[in-house]
Every structure is written in structure tokens, then in C-alpha cells.
Amino acid sequence: MLRFFIRRFAVAVLVALTVLTLAFLLTRVSGDLAISIAGPNATQQDVEAIREAYGLNRPLSTQYFDWLGRAVQGDFGESYFFRDRVANLIASRMPVTITLGLVGLAIALVVSLPLGIIAAVREGTWIDRVVALIAMIGQAMPSFWLGLVLMIVFGLQLAWLPISGADSWEGFVLPGIVLAFSAIPSLTRLTRSGMIEALASDYIRTARAKGLTRLSILVKHGFRNAAIPVVSIAAVQLGFMLGGSVVIETVFALHGVGFLAWESISKNDFPVVQAVVLVLAIIYIGLTLLADLLNAVLDPRLRTA
Amino acid sequence: MSATVMPTTRGAKLLRNPAFVIGAFIVGACAIIAVIAPWIVPYDPFVIDLDRRLVPPSFMEGGDPRNFLGTDQLGRDYFSRLIYGTRISMVIGVLTVITSGLIGITMGVLGGFYGGKVDDFVVFCITTRLSIPAVLVALAVAALRGSSFLLVVLVLGFLLWDRFAVVARSTTMQIRNLDYVSAAWCAGASKWWVLTREVLPNIATHLAVVATLEMALAILLEAALSFLGLGVPPPLPSWGLMISEAKEYMFFSPWVIMIPGIALFVLVLGVNFLGDALRDMMGTDLSR
């Protein structure tokens, strides 16, 4: 068990370091940073001045190790545009993104768990097929477009909810629904297949033979076992949702980390972009690590991996 | 050998599957529209007519029979732009699948085939790729390099290979020790022969399912990037860009975002239906 933890943790650290390097390369290899920052009307002197000011004229390896050394200590430098520490900026925007992610995940679970269980219990019937169709529709929905349509219907025509901003909890409802759509298909399918497997097992037959009620069999014996993979995928999905929040936060003007990244990209503020890519990647790595460890605790068969 | 019998029974089974029929119809129709677009559009999709801006579709109140789906904020014929948009989505989808497929299948097959250190490296690459927020990186690269059609294809191709690699790796592992592969070894086949003649054809159906999933994802991501202004550059009529440009008028005339949005949704749904039918045919569940 300990061996598994250590091995899994070492891989996570190695992945994080690789992403760190890639985040650095991303901004250096895909173009001349100084020219991008200076803008289209800059003169050669301006570009040189920016190179000097931001240390972009130093050898690439010096820049890399300097950046790496600071980044592992949580120091991502200063934003070119906001004139603030990047770490402060991200920390101040993180609560909105995490709230949005958790609201999205909660909505996704509330919808997909019952759907998956119903589909499994009624496997092969029209109910099962309708659930499969719902999952497929969710998968084909362009999230930014769904966001706009919900804004028109619930924000303007029914006037139930605000169409942008996060001044109150109501501001999170529409973006949360849109974000949930991206996770509902896979969570529903996983719940369904897990439940089908669980319901076909011997312990369910035993429970039936003991004369337990249908509900008790479904919830206590079936779902508990089907939930193990769902819990770990839910953690991974949360990571994906945080990463995908850039589109939804931009549509709804929610000032979270995704919106910050979007602002920084359009203003060529690359220290911030680099840092956001990194922070989101590390959160994802952490969540998948957590999911793996959780699985290993719940299911001893996986520990040998 | 049953090889000659299998395709016909499989084909007949597919034709009885409503998901396959609907999916094939949608994707086939879009492919044909994409090819013949210049000959079927009523107007040039790039010609601006500022006197006739935001004319509603002909079936709505205030519509003009000359413009079936109305005109956009610059007076360009919406139907013609929608038709040309099919081209962009289809080409992006297909080219992305080819690029990401080449990368992912090569990595996955090599990892699954050789195992050991090679496989460890492949798994590490997949894990690293999955931890990188794809949309954000695509946006950042597009902003740095200046967005273009080719750049969108390359960025999506280099970001969406993970599922190809995962599936190619696991299916290769399953078959590398099967009898027919061993038989090929015994017959003195080279590694290249075994990989291309024994392994690849036998994992092809699984990879076809992944190809549909990735095509759907690529089409959606291109639309999202174009919507954020960092995908296909204007005045190209990408559906995502059409939604983005029309967004300020959506509260007064919702049809401006409904039309390209529905087109996008229907095409992606069609691609997903095809994938689902293929998956049904194999009787296995590859979805994550």
C-alpha cells in the first residue's frame, strides 16, 4: 500500500514538473514574447526596452531556471497589465471558479446519478434508450451556445436569473447548469454500467433472497458498489470543469480564474497565462492523485498497479 | 475464412440501427454540402449589403423571400454563410482527426506492443497531456502566433490525441499475445508486418469509434475558439464565429444565434450517433 502511494506520488510530481516546463516553453517557442507584449505599433527600441525590462534578453536556460525556481515556491512574478503579483491575482479569482466548479459538479451528480440508476434498473427498455439519448444530446451541446440560449430564455424572457456577474448565488445557477452539461454524459454512463454490474452480482441475489425491500437493495447494496468508480471520475471531472471554465466564465462575465486567463490572453499578459495553465494543471493532477488513492483505499485489488 | 461474410452481416445490422441511419444521413449530407457549397449557395457569403442588415428569415415575421435564413449584422446572406460554415466544421473535424490520430495511434500502438519502458513513457505522456487545460493552451497559442485556419487544425491535432493513444494502447495489449499474432511471428513476419498487417486492422473498429468522438470534440472546440475570437479568423463563416459576431443582437433577434447553434448541435449529434452505432456493433463500451 505504502509502495503504491509513493510510486503514484512520484509520478504526479514528475508530471507537474513536465507541465511546468511546457508552460514555460509555451510562451517562448510559440513566438517572440517581447514583440507580442509591445503590440503592433511598437518601434524596435520599444521591443528592446521590453526585452531588457522583463529579462527576456538573458539566455533561455537562465530564464527557465529562474522562473522554475520561483514557480515551485509559488512566486509567478508580476502581471504586466494588472500591476499586481500573479499569485495574488489568481488567489483572489479562485473562489469564483471553485464555487462554479462545485455548483456544476453538484448539478451534474443530481441529474446523472438518478438517470444512470433508472437506466440500469430498466436496462434495455425504452427508458434506458431515452437516458442514452439524453446523454448524447448533452455531449453534442456547444457549451457557449447553450449559455447564450439560457441567457435569452431565463435571463431576458422569463427574467428569473441574472445574465452575468456573480454578485449573488443566483449568478452561479445558469453557468453551473452549462458546466454540468459537460459532465452529465460520462457520469450517467458510468453510473449505469456500474449499477448493471452491481445488480448482476451474487450479493444482490442474496439480498433479494433475504427479502429486503427493492429500495434498500438498490441503494445500500447496488449503488454503494457502483459509486466507487463514480466518485473517482467525479473528482477527475471537477478538474476538467475547472479547466473548461474559461469559456463559460467569459460568456457569463464571471470574474474567476478562467476569465482572468481570457483577459490576460487578449492583453498579452503572459506571466498570468503561464501561471493559470500551471495552477489548473496542478489542481487536476492533485484531483486525479486523490481519486487514485481513494480507489486504492476502497478497492484493494487496484493497489498492485 | 469468415472475413468475406462478416462485412455484409455487420452492414445489415448497421442499417437496422436508427442511430446509424440518422448519423450517417446527417454527416453524409454535411460532407456533400461542404463539397458542393460554391454551387448551391444563392449569394456570395462574403458580400456585404449595409442597407439590408439583420433581415429575419423568410418564414418569420418581417422576413424577405430573397433570404431564406435572413441576413447578418453586415447584410450578408445567412443561408450562404451557414452553408460555407459546414465546410469549415467538416474540414477542421477531419484534419484534426487525421493529425491527432497519427500521433495518438503511433504512441498507443508502440506502448501497447513493446510494453516496459516504452509503455511507461507513453503512459507518462498521456497523463501529462490530460493534466494540461486544452482550451486555455489553444487560446494562448492562437493569441501568440495570430490565429489562422491551419493553426487551429495543428493546435487541436496536437491536443486531442490522448483518447486515440489510450484506446490504441489497451486494444494492442489485448491482442498482442493472441494466436494469430503468434502465428505471424512463427511464420517469420517482421515487426513492421505484424504491426501494420495484424495489429492495426484488428484495432481499427475501436479506433473508428474514437475518431468519431474526437471529430465531434474538434468541431465543438473550433467553434468555441472562434467564438472567443481566437479560432478561425473573420470574415470566414465559421459557425462559432457567426454566433460570436451576432451575440450583441441576440436579445432582439434570437434567431441570429439559434441558426448557427442548431447547425453545430445537429452535426455534432450526427457524428456522435455514428460513433454510438459503431460501438453497438462491436458490443463493447469504450466510453469513459
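Protein chains in written order, with my numbering: chain A, 1 to 305; chain B, 1001 to 1288.
The C-beta atom is built at its ideal place from N, Cα and C for all residues, glycine as well.
Being a predicted model, the structure only gives us computed values, none of them experimental.
By the CB criterion at 8 Å, Val1027 of chain B and Val1271 of chain B fall inside the cutoff.
Interface annotation, Gly1070 of chain B: not in contact with chain A, CB-CB separation never under 8 Å. Residue environment analysis places Gly194 of chain A among the buried positions, since at least 16 neighbouring C-beta atoms fall within 10 angstroms of its C-beta. Taking 8 Å as the cut-off, the beta carbon of Ala1024 of chain B is found no closer than this to the beta carbon of Thr1086 of chain B. Shown here for Ala183 of chain A: same chain residues with a beta carbon closer than 6 Å to its own, the five before and five after excluded, namely Ala108, Gln237 in chain order. In the displayed model, Thr1071 of chain B falls within a strand according to three-state DSSP. Counting along the chain, Asn225 of chain A sits inside the alpha helix (DSSP H) bounded by residues 224 to 252. Per DSSP, reduced to three states, the secondary structure at Asp1051 of chain B is coil, with no helix or strand assignment.
The C-alpha of Val1135 of chain B lies about 12 Å from the C-alpha of Arg1129 of chain B. DSSP lists B:Thr1071 as the bridge partner or partners of Asp1077 of chain B. Val272 of chain A is classed as buried because its beta carbon has at least 16 other beta carbons within 10 Å across all chains shown. Of all residues in the segment 1232 to 1266 of chain B, only Ile1243, Lys1247, Met1250, Phe1251, Pro1254, Ile1257, Gly1261, Leu1264, Phe1265 place a beta-carbon less than 7 Å from a beta-carbon of chain A. Secondary structure of Arg1087 of chain B (DSSP, three-state): helix.
If you look at Val1256 of chain B, you'll find it in the alpha helix (DSSP H) that goes 1255 to 1282. Of all residues in the segment 236 to 258 of chain A, only Gly243, Gly244, Val246, Val247, Thr250 place a beta-carbon less than 7 Å from a beta-carbon of chain B. Taking 8 Å as the CB threshold, Pro1133 of chain B lines the interface with chain A. According to DSSP, Glu1222 of chain B shares a beta bridge with no other residue.
Pairing Asn41 of chain A with Val86 of chain A, the inter-Cα distance amounts to about 26 Å. When only Cα atoms are considered, Val15 of chain A and Ser201 of chain A end up about 38 Å apart. Counting only the Cα atoms, Ala1168 of chain B lies some 8 Å from Gly1104 of chain B.
Taking a C-beta cut-off of 7 Å against chain A, none of the residues of the segment 1155 to 1168 of chain B qualify. Residue environment for Leu156 of chain A: exposed (fewer than 16 other C-beta atoms within 10 angstroms of its C-beta). Burial is judged here by how many other beta carbons sit within 10 angstroms of a residue's own beta carbon; Thr1196 of chain B has fewer than 16 and is exposed.
Here Glu78 of chain A carries a strand assignment [DSSP, helix/strand/coil].
Trp126 of chain A counts as exposed, since fewer than 16 other C-beta atoms from the protein chains shown sit within 10 angstroms of its C-beta. Taking the Cα of Ala1037 of chain B as reference, the smallest distance to any Cα among B:Ser1148, B:Ser1089, B:Leu1159 is reached at B:Ser1089. Contact between Leu1230 of chain B and Ser1147 of chain B is confirmed by a C-beta separation of about 5 Å, below the 8 Å threshold. One finds nothing in chain B with a Cβ atom closer than 9 Å to the Cβ of Ser79 of chain A; even the nearest lies about 15 Å away.
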